[in-house]
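**Q** In my numbering, the protein residues as written are 76 to 907. Take this structure, written in structure tokens, and hold onto it; I'll ask about it next.
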């Protein structure tokens, strides 16, 4: 009877324990008295995080930790007993009677505790939140302890990192015990993130200017920066908020000493790298020693600042730069305390160094402007440099300048203190260098002129021998009677004589194209077919033949001859000649072996060949070509039909704008014109042009913006025609407004593209497609914004109009309109 009673009690204890274990595994919290055993877990309310026991890869030891629930590969963000693992699967997690959280092994030995001084209570609870924070609450729901205040090696969004808080790396991938590397914030001067290797600095982020860290030039405040600095009772702390809270983003100090910012890629089911530091040799802390700067683009990598020389020439020549540099000339202030100001004529001066990562160990000074900052620096003989940075204001360095890095783009301006005599030496050096350069340039010009004359003489001789039969050359505008008459081409004043254009016989073109064989056909446009040909000299050409059945093309043919023969630019296709015989009207262009941009951009099999660097170079080339048309050519020209199929690619994938049949010439004083003949392609036409016939350089800017979005997305504008989106512009704005602009990026280039560069292009595209022409930038501004990433772009306005409208809504067109696809040009008469 006694044995039966004992067995019943054991059964009851096991039943209750199992019940509580089941209760824990199905909840986001446990209460005092409940036990979480190895194998059970707590799940956050929305299922984002789990808490339970785990073993690192390659280890049998058990640890209590928090990890992402929906990530297939266990990704731990916090560990409790990282110093004291459980050797078997008998570990437990519970709330003690004194209110502390504890981890114990199977023998009841304490392995980890929160060690919070609390009054004993029977109602304490611990909850796992969807932020990944484990919080312990007392009877009054007051937080007594939380894991976000005791991080291990990972910083999560919404976590607070105080100036005295430090993340410690794991010892190895299989051992979560505290490793040799730590990450924290140094508040001196202005806060900056620092990685330490033991007690030595390994990397630093540069100073916080209120928007971004100055030593991380790829960190663009407008797009990527979710960091904020707060002051809570004289305690400063950083937080980070992800642009899209549904994305998993984390900052992590790895066992090898790298600060990693990673994002979970749902499609590829793996962690993708957003940024990693240190990045390269120059990103490591102070690789060149004191008063020297590191430049990764320089073959020597380390160079002394002007006015300084290597501390040990033998070591420096052996490329051991750790000894750094020392002053060549002692400061005047150190010799004579009365000589302080640089404007005295003999005092110390300051050398301006641009694009630099500011040195470590700065102190802030009270100064309203850069002049006051300079004065503050001069007042103290121990001061060696100063800088005035927006958001930080005056910064002054005393003693040695350490950890200087030269940036190719970005960075700040540093003013280094030098003796007055150093500037005299520099002036003499500059004169010698300038004279040497001028002599070298003159020599190169003479050689180039000689080679050019020799080349022209050789070419004239070759033309006399190999050139096909041709009639007399014609000049631009000297066309036969059947092409004369009023057209859509208008110029204020005289056009000038223009350049001569070769006139080829029809029979020679038939021979070059093998009688316009289908094997030589490259494509078909609104103008007519295009064929590949080969001249007797061996030069390959593209032959554009006006279709006899085409209802358009005569005016365009005339337009193209008169325009493109005058244009010379590396991003414009070159017109070689023409043929006019009977009803035949033919243009001869240089041959582009890679054909048009759309053949790569919209072909899934070829998209990967256009990596981001090639796409960006194509974007820059198109922009420079348009800038030449709008501003730099003898004639100001509006293209009016810019699209992917009109961008040709040469052997090196460099873009050339083609098809000037729809172009218009502007006079010197014209900024805008009106037409009753609207031509172009749906999806690319600016609102004022499509609806009112008004066109200007801003019309091409609009088309460029649409094309820019297509290049980034890898989709045609027509791919977005639906009830939800009115074209690619509407879709792009939706993603921009949601704070998810990177969703636009073609997946084939996602991993290797530079996110800050892509985001700048998306921003620029949205500026180009704004409804009002006055709000769009001109092409000179577009080129500047593309090539200079330290310019703060204005915010775009929401576009309410898109020319890719549903046909039933397009009531401005008459019933005889000829709609076309995104690839074919249209010509429409608008009733006015």
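Ideal placement from N, C-alpha and C gives every residue a C-beta, glycine not left out.
1) Give me, in chain order, the residues of the same chain whose beta-carbon lies closer than 6 Å to that of residue 210; leave out the 5 immediate sequence neighbours on both sides.
2) For residue 607, count the other beta carbons within 10 Å of its own beta carbon; 16 or more makes it buried, fewer makes it exposed. Which is it?
3) Below 9 Å between beta carbons: does that hold for residue 733 and residue 647?
4) Reducing DSSP to helix, strand and coil, say where residue 911 ends up.
5) Starting from residue 390, trace the beta strand (DSSP E) in both directions and tell me its first and last residue.
6) Below 7 Å CB to CB, which residues in the same chain sit around residue 387 once its five sequence neighbours on both sides are set aside?
7) If I measure Cβ to Cβ from residue 234 and keep anything under 6 Å in the same chain, skipping five residues before and after, which residues do I get?
8) State yes or no: is the C-beta of residue 858 within less than 9 Å of the C-beta of residue 699?
9) Compare the beta carbon distance of residue 41 and residue 113 with 9 Å and say whether it is the shorter of the two.
10) Please specify which runs of the beta strand (DSSP E), each continuous and at least 3 residues long, are wholly inside the region 423-500, giving them in chain order.
11) Could you spell out where the beta strand (DSSP E) holding residue 689 opens and where it closes?
12) Residue 244: which of 237, 266, 445, 227 sits nearest, CA to CA?
13) Mind checking whether residue 807 and residue 788 have CB atoms under 9 Å apart?
14) Enumerate in chain order the residues of its own chain whose CB-to-CB distance from residue 103 is below 7 Å, with the five nearest sequence positions on each side excluded.
15) If residue 199 sits next to residue 212, beta carbons under 8 Å apart, how far is it from one beta carbon to the other, in whole angstroms?
16) Anyone know if the C-beta pair for residue 576 and residue 616 falls short of 9 Å?
17) Using a threshold of 9 Å, state whether the C-beta atoms of residue 456 and residue 400 are closer than that.
18) Would you call the CB atoms of residue 310 and residue 238 closer than 9 Å?
19) So the beta strand (DSSP E) residue 70 belongs to, where does it begin and stop?
20) On the CB-based measure, 16 or more other CB atoms within 10 Å of its CB, does residue 348 come out buried or exposed?
21) Taking all protein chains shown into account, do 16 or more other C-beta atoms lie within 10 angstroms of the C-beta of residue 690, making it buried, or fewer, making it exposed?
22) Look up residue 793 in the DSSP assignment and say whether it is helix, strand or coil.
23) Can you tell me whether residue 243 is helix, strand or coil according to DSSP?
24) Would you call residue 479 buried or exposed, if buried means 16 or more other Cβ atoms sit within 10 Å of its Cβ?
25) According to the neighbour-count rule (16 or more other Cβ atoms, all chains shown, within 10 Å of its Cβ), is residue 819 buried or exposed?
26) Report the rounded CA-to-CA distance for residue 268 versus residue 463, giving the unit in angstroms.
27) Cβ of residue 686 within 9 Å of Cβ of residue 729?
28) In angstroms with no decimal places, state the Cα-to-Cα distance between residue 870 and residue 336.
29) Give the range of the alpha helix (DSSP H) segment to which residue 150 is assigned.
30) Would you say the region 433-449 touches the region 326-333, given that touching needs at least three Cβ pairs under 8 Å?
31) Looking only at its chain, what residues have a beta carbon closer than 6 Å to the beta carbon of residue 420, apart from the 5 residues adjacent to it on each side?
32) Using CA atoms only, rank isn't needed, just tell me which of 353, 429, 325, 356 is closest to residue 346.
33) Can you name the residues that DSSP bridges to residue 334?
34) At the level of alpha carbons, what is the spacing between residue 454 and residue 261?
35) Quick check: what's the CA-CA separation for residue 810 versus residue 318?
36) Excluding sequence positions up to five away, which residues of its chain have a Cβ less than 6 Å from the Cβ of residue 257?
**A** Answer, in terms of the structure:
1) As a working mapping, residue 210 is identified with position 135 in the chain shown. 202, 218, 221.
2) For the purposes of this step, residue 607 is taken as the residue at position 532 of the chain shown. With 16 or more Cβ atoms within 10 Å of its Cβ, residue 607 is classed as buried.
3) Indexing the chain shown from 1 puts residue 733 at position 658. Indexing the chain shown from 1 puts residue 647 at position 572. Closer than 9 Å, so yes.
4) In the structure displayed, the chain extends from 76 to 907; residue 911 sits before or after that span and is not available.
5) The residue you call residue 390 lines up with position 315 of the chain shown. First-last for residue 390: 388-392, but that is the alpha helix (DSSP H), not the beta strand (DSSP E).
6) The residue given as residue 387 occupies position 312 in the chain shown. If we look at residue 387 and ignore the five residues flanking it on each side, its Cβ neighbours are 398.
7) Start at 1 with the first residue of the chain shown, and residue 234 comes out as number 159. Answer for residue 234: 223, listed in chain order.
8) The count along the chain shown starts at 1 and reaches residue 858 at position 783. The count along the chain shown starts at 1 and reaches residue 699 at position 624. Against a cut-off of 9 Å, the Cβ pair of residue 699 and residue 858 comes out as a contact.
9) With the chain covering 76 to 907 only, the question about residue 41 has no answer from this structure.
10) 424-432, 458-464, 468-473, 479-481, 487-493
11) As a first step, residue 689 is located in the chain shown; it is residue number 614 there, counting from the start. Residue 689 -> not in any beta strand (DSSP E); alpha helix (DSSP H) instead, spanning 687-702.
12) For the purposes of this step, residue 244 is identified with residue 169 of the chain shown, where counting begins at 1. Nearest C-alpha to residue 244: 227.
13) Residue numbering aside, residue 807 sits at position 732 when the chain shown is read from its first letter. Residue numbering aside, residue 788 sits at position 713 when the chain shown is read from its first letter. Taking 9 Å as the Cβ cut-off, residue 807 and residue 788 qualify as a contacting pair.
14) In the chain shown, the residue the question calls residue 103 occupies position 28. For residue 103, where only same-chain residues beyond five positions count, the Cβ hits under 7 Å are 117, 118, 119, 120, 202, 203.
15) Taking the first residue of the chain shown as position 1, residue 199 is located at position 124. Taking the first residue of the chain shown as position 1, residue 212 is located at position 137. That pair is a contact at about 7 Å.
16) Position 501 of the chain shown, counted from the start, is the residue given in the question as residue 576. Position 541 of the chain shown, counted from the start, is the residue given in the question as residue 616. No, they are not a contact pair.
17) Residue mapping note: residue 456 aligns to position 381 of the chain shown, counting from 1. Residue mapping note: residue 400 aligns to position 325 of the chain shown, counting from 1. No, the Cβ-Cβ distance between residue 456 and residue 400 is not below 9 Å.
18) For the purposes of this step, residue 310 is taken as the residue at position 235 of the chain shown. For the purposes of this step, residue 238 is taken as the residue at position 163 of the chain shown. Cβ distance < 9 Å, so residue 310 and residue 238 count as in contact.
19) This structure gives no information on residue 70, because the portion of the chain shown stretches from 76 to 907.
20) By 1-based counting over the chain shown, the position of residue 348 is 273. Exposed.
21) Working through the chain shown from its first residue, we reach residue 690 at position 615. Burial call: buried.
22) Taking the first residue of the chain shown as 1, we reach residue 793 at position 718. Note: residue 793 maps to helix in three-state DSSP.
23) By 1-based counting over the chain shown, the position of residue 243 is 168. Note: residue 243 maps to strand in three-state DSSP.
24) To locate residue 479, count along the chain shown from 1; it is residue 404. Buried is the call here.
25) Indexing the chain shown from 1 puts residue 819 at position 744. That one is buried.
26) In the chain shown, the residue the question calls residue 268 occupies position 193. In the chain shown, the residue the question calls residue 463 occupies position 388. Taking the straight line joining both Cα atoms gives about 20 Å.
27) Your numbering for residue 686 matches position 611 in the chain shown. Your numbering for residue 729 matches position 654 in the chain shown. No, Cβ-Cβ distance for residue 686 and residue 729 is not below 9 Å.
28) Taking the first residue of the chain shown as 1, we reach residue 870 at position 795. Taking the first residue of the chain shown as 1, we reach residue 336 at position 261. Approximately 27 Å between the Cα atoms of the pair.
29) As a first step, residue 150 must be located in the chain shown, where it is residue number 75. Premise fails: residue 150 is in no alpha helix (DSSP H) and is neither H nor E.
30) no
31) On the chain shown, residue 420 is found 345 positions in, with the first residue counted as 1. In this predicted model, residue 420 has a pLDDT of only 49, less than 50, meaning its place in the structure is not dependable; the value taken from the coordinates is given anyway. Around residue 420: no qualifying Cβ.
32) Working through the chain shown from its first residue, we reach residue 346 at position 271. Ranking 353, 429, 325, 356 by Cα distance to residue 346 puts 325 first.
33) By one-based count along the chain shown, residue 334 stands at place 259. DSSP output for residue 334 lists 328, 352 as bridge partner(s).
34) By 1-based counting over the chain shown, the position of residue 454 is 379. By 1-based counting over the chain shown, the position of residue 261 is 186. Cα to Cα, residue 454 sits roughly 27 Å from residue 261.
35) Position 735 of the chain shown, counted from the first residue, corresponds to residue 810. Position 243 of the chain shown, counted from the first residue, corresponds to residue 318. If I take the Cα positions, the gap works out to 12 Å.
36) By 1-based counting over the chain shown, the position of residue 257 is 182. 241, 243, 271.
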